[in-house]
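S.K.:
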Amino acid sequence: MFKSRKTHEKDAWSGVVVDKSRGMTDGSSLYHYVKVRLADGSTKKVRIDGTLWESLDSGDRLVKEAGAPAPVKA
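For reference, each letter of the sequence shown is one residue, going 3 to 76 in our numbering.
(1) Could you check whether residue 37 and residue 51 sit closer than 8 Å to each other, using their CB atoms as the reference points?
(2) Cβ atoms of residue 73 and residue 11: under 8 Å apart, would you say?
(3) Considering only the beta carbon of each residue, do residue 61 and residue 18 sit closer than 8 Å?
(4) Would you please state the rounded distance, in angstroms, between the beta carbons of residue 28 and residue 66? I believe it to be under 8 Å.
(5) What are the partner residues of residue 75, as DSSP defines its beta bridges?
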């Protein structure tokens, strides 16, 4: 079984980018991921848009508001 990394509109979190990666998990599409360290110290790996991925560096802050379709750089 696989774990979906796609963000859901009801999710709400904020954190700092720890790592960036990309891959072709389905063999045909390139997906962009970031690992985010949340305020409670846990980490979360989420799939994001390629243009946002390119603008991020380790240490940048991401915020995902409930009701928003995707996280944004803060």
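Backbone N, C-alpha and C define an ideal beta-carbon position, used for all residues, glycine too.
In this text the structure is predicted, and so the values were computed from the model without any measurement.
M.R.: The structure says:
(1) no
(2) no
(3) With a cutoff of 8 Å on beta-carbon distance, residue 61 and residue 18 are scored as near each other.
(4) A Cβ-Cβ separation of about 23 Å leaves residue 28 out of contact with residue 66 under the 8 Å criterion.
(5) 64
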